[in-house]
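Heads up, the sequence shown is in the working numbering, so the first residue is 9 and it goes up one at a time.
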Amino acid sequence: MVDIIKGKCGTDCATCSFKEKTNCKGCLEMDGILFWGECDIYKCAKHKGFEHCGMCDKLPCGELTHYIETGHNPNRLKNLKKWKEEV
């Protein structure tokens, strides 16, 4: 079975195209400091004690919506809802 790394923002790191290009180990292992800088989504979820943003009652917040709309992973919201159900 393949171990899937779940980013706090809903990114499935196993399918992220930046993983190999940047040698990214995922936000959990890198404590939110990614190849492009510090992730505010990670900081927020960690501060609230959430495994990921899907646990937040404000899903999707404005910041996460921005990431979904402008980011490389349009499945983030779908992933977060699915992951919440798995807990």
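No residue lacks a Cβ here, since even glycine has one placed at the ideal position from N, Cα and C.
Here PRO68 is buried, its C-beta having at least 16 other C-beta atoms within 10 Å. HIS60 is positioned such that its CB atom lies closer than 8 Å to that of LYS16. In this structure, LYS51 keeps its C-beta atom at 8 Å or more from the C-beta atom of GLY34.
Under DSSP, LYS14 shares a beta bridge with ASP20. Beta bridge pairing from DSSP links GLU46 with ILE41. Straight through space, the alpha carbons of LYS86 and GLY18 are spaced by roughly 8 Å.
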